[in-house]
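Here's the structure, in C-alpha cells; my notes come after.
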Amino acid sequence: MAINTSFFSSKELQIGVGLDASNVGAVFAGTFTAIESESVAMPTFNDIKIERRGGAGSGIMTATTDMFHYGKGASIEGSVSGFLTDELVDILFPNALGTAESGNTYTIDGTSNANTNFEHNATSALTKTLTFAYKKAGGLDDSLKVAGCVITSLTVSGDPNEDGGRMKFDLSYISRTPKSIATTFDTSAATIGAYSSAYVFLTDYSDHCKIDNQDVLLKSFSMTIENPVVFGGFGGNGTDGAPQTYIRSIPEMSITVNPVVKYDTNVDQLWEDLRGSGDGTQAETLTSPAFQMANNATYTSGTRAIRITDGTVTECSWDEGDYLGLSVTIKARGDSSTSFYIKHA
Numbered sequence: 039m040a041i042n043t044s045f046f047s048s049k050e051l052q053i054g055v056g057l058d059a060s061n062v063g064a065v066f067a068g069t070f071t072a073i074e075s076e077s078v079a080m081p082t083f084n085d086i087k088i089e090r091r092g093g094a095g096s097g098i099m100t101a102t103t104d105m106f107h108y109g110k111g112a113s114i115e116g117s118v119s120g121f122l123t124d125e126l127v128d129i130l131f132p133n134a135l136g137t138a139e140s141g142n143t144y145t146i147d148g149t150s151n152a153n154t155n156f157e158h159n160a161t162s163a164l165t166k167t168l169t170f171a172y173k174k175a176g177g178l179d180d181s182l183k184v185a186g187c188v189i190t191s192l193t194v195s196g197d198p199n200e201d202g203g204r205m206k207f208d209l210s211y212i213s214r215t216p217k218s219i220a221t222t223f224d225t226s227a228a229t230i231g232a233y234s235s236a237y238v239f240l241t242d243y244s245d246h247c248k249i250d251n252q253d254v255l256l257k258s259f260s261m262t263i264e265n266p267v268v269f270g271g272f273g274g275n276g277t278d279g280a281p282q283t284y285i286r287s288i289p290e291m292s293i294t295v296n297p298v299v300k301y302d303t304n305v306d307q308l309w310e311d312l313r314g315s316g317d318g319t320q321a322e323t324l325t326s327p328a329f330q331m332a333n334n335a336t337y338t339s340g341t342r343a344i345r346i347t348d349g350t351v352t353e354c355s356w357d358e359g360d361y362l363g364l365s366v367t368i369k370a371r372g373d374s375s376t377s378f379y380i381k382h383a
C-alpha cells in the first residue's frame with residue numbers, strides 16, 4: 039500500500055462544549071460553543087480490558103480469543119483548557135458549582151447539608167451535565183461527542199502581563215454515559231461555532247481587590263473549584279451501564295484562590311494567619327472578606343466580582359519578581375450562607 043500523501047495541521051483539531059439536550063446524558067444537538075485551546079487531548083475511556091488465559095488457545099502467547107473488552111459501566115474522563123469567554127462562563131460555572139445563575143450571580147451556601155443530586159435522563163440539564171465535542175482532523179474515526187459530562191475541577195487564572203491579560207481555564211470532567219464500542223466514535227461530526235472574542239480579562243476586576251479585608255495590589259490570580267461527583271446505581275435500561283443518580287460535593291466542595299500580591303504591611307499578618315491563633319485551636323479565619331476582587335467598591339453593584347466571605351490561609355511564599363510579592367493560598371470556609379459569590383454580567 040502506498041503512503042498517504044495527505045497531511046494535517048494540529049490547528050484542524052477543534053473542541054466545543056454545550057449543555058446536554060433536554061435530558062441528562064442526551065447528546066447536545068445544536069452548534070457547540072468553541073473552545074480556543076492551545077492543544078487538544080482526546081478523553082480516556084476506562085473500559086475493562088482483560089487478558090485472560092481462558093483455554094481458548096494453546097499457544098505460548100496470549101491469543102486473540104483470550105482478550106476481553108467491555109465498555110458498559112466504564113467512565114470516560116477528559117481535560118480541557120483554553121481562553122475564558124463570556125459564553126463559556128455561562129456554560130462551565132453552573133456545571134462546576136452545581137448551581138444555577140440567578141441575576142448574573144452564582145452563590146454557594148456553605149452551611150447547607152443538602153448535596154446536589156439528580157437522575158440520569160432527568161429533564162433540564164442546566165447545572166447538571168454537558169457534552170464535549172471533538173472535531174475530526176481526518177474522518178469520523180476521530181470525531182467524538184461525549185455526553186453526560188460533569189466538571190469535577192475547574193481552574194481559572196489570569197496575569198495582566200501574559201496573553202494580553204486574558205484569563206484562561208483548565209478543567210477536568212467525567213462521564214458515565216455509555217459510549218458504544220464500534221468502528222467509529224460517531225456517525226456525524228459536531229458543528230462547532232466560530233471562536234468568540236468576548237474574552238474575560240483580569241483587568242475586568244479593576245477597582246478593588248482585598249485579602250483579609252485589606253486592600254492589595256494584585257500581580258496574578260488563580261482560582262480552583264473542586265466539586266466531585268459520585269455515580270450511584272444503574273440507570274437507563276438497567277444493562278447499559280449508565281448511572282441512576284449523580285451526587286455532587288462528596289466528600290466536599292473545595293474552593294481555593296491563589297492570588298499573588300505586592301508585599302507590604304497590608305499583608306504581612308498573613309504569615310501569622312498561616313499558623314493560626316494558638317496551639318490546639320481551630321485554623322485562623324481571615325477577616326471578611328477573606329478574598330474579593332470586583333469592579334465596584336460595593337461588590338454586588340458592579341458587573342464583575344469574585345468573593346470568598348470566610349477563608350483560611352493554607353500556604354504563603356515569597357514571589358521574587360521585579361518587586362517583592364506574596365503568593366497566598368486561601369481556602370473558602372462554609373461558615374456563611376454566601377460562602378462563595380461570583381458575579382458575571
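Following the working numbering, the numbering of the sequence shown begins with 39 at its first residue and continues without gaps. The beta carbon of each residue, even a glycine, is placed where N, CA and C say it ideally should be. Only a predicted model underlies this, so the values are computations on that prediction, with no experimental measurement involved.
Counting along the chain, where does the alpha helix (DSSP H) carrying D311 start and finish?
In the sequence shown, counting from the first residue as 1, residue 311 sits at position 273. Membership of D311 in the alpha helix (DSSP H) is indicated by the continuous run L308 to R313.
Apart from the five residues on each side of it in sequence, which residues of its chain come closer than 6 angstroms, Cβ to Cβ, to S234?
As a position in the sequence shown, residue 234 is number 196, starting the count at 1. These residues qualify, in order along the chain: T123 and E125.
Sub-7 angstroms separation of A171 and F70 beta-carbons:
Here residue 171 corresponds to residue number 133 of the sequence shown, with the count starting at 1. Here residue 70 corresponds to residue number 32 of the sequence shown, with the count starting at 1. Yes, the Cβ-Cβ distance between A171 and F70 is below 7 angstroms.
According to DSSP, is T241 part of a helix, a strand, or is it coil?
Locating residue 241 in the sequence shown gives position 203, where the first residue counts as 1. In the structure shown, the three-state DSSP call for T241 is helix.
Boundaries of the alpha helix (DSSP H) in which L126 is found, first to last residue
Here the question's residue 126 lines up with position 88 in the sequence shown. Start and end: D124 to L135.
Can you give me the C-alpha to C-alpha distance between G196 and R214, rounded to a whole angstrom?
The residue given as residue 196 occupies position 158 in the sequence shown. The residue given as residue 214 occupies position 176 in the sequence shown. Note on geometry: alpha-carbon atoms of G196 and R214 lie some 32 angstroms from one another.
Please classify L324 as buried or exposed, where buried requires at least 16 other C-beta atoms within 10 Å of its C-beta.
On the sequence shown, residue 324 is found 286 positions in, with the first residue counted as 1. It counts as buried.
When the Cα atoms are used, what is the spatial distance from L178 to K206?
Here the question's residue 178 lines up with position 140 in the sequence shown. Here the question's residue 206 lines up with position 168 in the sequence shown. L178 and K206 have their C-alpha atoms some 29 angstroms from each other.
Cα separation between A220 and K248?
One-based indexing of the sequence shown puts residue 220 at position 182. One-based indexing of the sequence shown puts residue 248 at position 210. Roughly 54 angstroms between the two C-alpha positions.
Could you check the C-alpha separation between D389 and T100 for me, to the nearest Å?
No information on residue 389 is available, as it lies outside the stretch 39 to 383 that the chain covers here.
If you run the structure through DSSP and keep just helix, strand and coil, what is K174?
Sequence index remark: in the sequence shown, residue 174 carries index 136 (1-based). In the structure shown, K174 sits in coil (DSSP, three-state: anything other than H, G, I, E or B).
Secondary structure at D201, three-state DSSP: helix, strand or coil?
The sequence position of residue 201 within the sequence shown is 163, counting from 1. Residue state, collapsed to three classes: helix.
Compute the Euclidean distance between the alpha carbons of H158 and F269, then round it to the nearest angstrom.
Counting from 1 along the sequence shown, the entry for residue 158 is found at position 120. Counting from 1 along the sequence shown, the entry for residue 269 is found at position 231. Put simply, the backbone Cα of H158 is about 10 angstroms away from that of F269.
If you draw a straight line from the alpha carbon of I288 to that of F272, how long is it in whole angstroms?
The sequence position of residue 288 within the sequence shown is 250, counting from 1. The sequence position of residue 272 within the sequence shown is 234, counting from 1. Between I288 and F272, the C-alpha separation is close to 19 angstroms.
Helix, strand or coil: how does DSSP classify E139 here?
Along the sequence shown, read from residue 1 onward, the residue named residue 139 stands at position 101. Coil, per DSSP.
Using the Cα positions of T167 and F46, report the straight-line distance between them to the nearest angstrom.
Counting from one through the sequence shown, the residue named residue 167 turns up at place 129. Counting from one through the sequence shown, the residue named residue 46 turns up at place 8. Distance between the alpha carbons of T167 and F46: 32 angstroms.
What span of residues does the beta strand (DSSP E) with F156 cover, start to end?
For this step, residue 156 is matched to residue 118 along the sequence shown. Where F156 is concerned, the enclosing beta strand (DSSP E) starts and stops at N155 to E157.
The beta strand (DSSP E) enclosing D105, as first and last residue numbers:
Position 67 of the sequence shown holds residue 105. According to the sequence as given, residue 105 is Met; it is not Asp. Run containing M105: M105 to Y108, per the beta strand (DSSP E) assignment.
Nearest-angstrom Cα separation, counted from K110 out to I88
Within the sequence shown, residue 88 is the residue found at index 50, counting from 1. Within the sequence shown, residue 110 is the residue found at index 72, counting from 1. Distance from the CA of I88 to the CA of K110, rounded to the nearest whole angstrom, comes to 14 angstroms.
Apply the 10 Å Cβ neighbour rule to A79 and answer buried if 16 or more other Cβ atoms are within range, or exposed otherwise.
Counting from 1 along the sequence shown, the entry for residue 79 is found at position 41. Exposed.
My output table needs one value for E115: the three-state DSSP class, helix, strand or coil.
Locating residue 115 in the sequence shown gives position 77, counting from the first residue. Residue state, collapsed to three classes: strand.
Of the residues T294, S226, Q307 and A232, the one placed nearest V254, counting alpha carbons only:
The residue you call residue 254 lines up with position 216 of the sequence shown. Among T294, S226, Q307 and A232, the Cα nearest to that of V254 belongs to Q307.
Among T145, T341 and I212, nearest to I114 - alpha-carbon criterion
To locate residue 114, count along the sequence shown from 1; it is residue 76. Looking from the CA of I114, the closest CA among T145, T341 and I212 belongs to I212.
Which residue wins for smallest C-alpha separation from E200, given the options F239, G231 and T262?
Taking the sequence shown and counting its residues from 1, one reaches residue 200 at position 162. If you compare the alpha carbons of F239, G231 and T262 with that of E200, the shortest gap goes to F239.
Whose C-beta lies closer than 8 angstroms to the C-beta of P132 among residues of the same chain, with five residues either side of it excluded?
On the sequence shown, position 94 is the one that residue 132 refers to. Cβ within range, chain order: A138, E139, Y144, L164 and T165.
Residue from N265, A280 and S150 with nearest C-alpha to G372
Residue mapping note: residue 372 aligns to position 334 of the sequence shown, counting from 1. Shortest Cα-Cα distance from G372 to any of N265, A280 and S150 involves S150.
Can you look up T102 in the DSSP assignment and give me helix, strand or coil?
Walking along the sequence shown from the start, residue 102 turns up at place 64. Reduced to three states, the DSSP call for T102 is helix.
Count the other C-beta atoms from every protein chain shown that fall within 10 angstroms of the C-beta of Y361, then say buried if there are 16 or more, exposed otherwise.
The residue given as residue 361 occupies position 323 in the sequence shown. Around the C-beta of Y361, fewer than 16 other C-beta atoms lie within 10 Å, and the residue is accordingly described as exposed.
Contact test: T241 Cβ vs the ligand COA heavy atom, cutoff 6 angstroms:
Looking at this structure, you won't find the ligand COA or any other ligand, since it has none at all.
For the candidate residues I146, R90, I98 and Q252, whose alpha-carbon lies nearest to that of H107?
By 1-based counting over the sequence shown, the position of residue 107 is 69. It is R90.
Just the C-alpha distance for A112 and S226, rounded to the nearest angstrom, thanks.
Locating residue 112 in the sequence shown gives position 74, where the first residue counts as 1. Locating residue 226 in the sequence shown gives position 188, where the first residue counts as 1. Roughly 23 angstroms between the two C-alpha positions.
Give me, in chain order, the residues of the same chain whose beta-carbon lies closer than 6 angstroms to that of T352; leave out the 5 immediate sequence neighbours on both sides.
By one-based count along the sequence shown, residue 352 stands at place 314. So the qualifying residues of the chain are T367 and K369.
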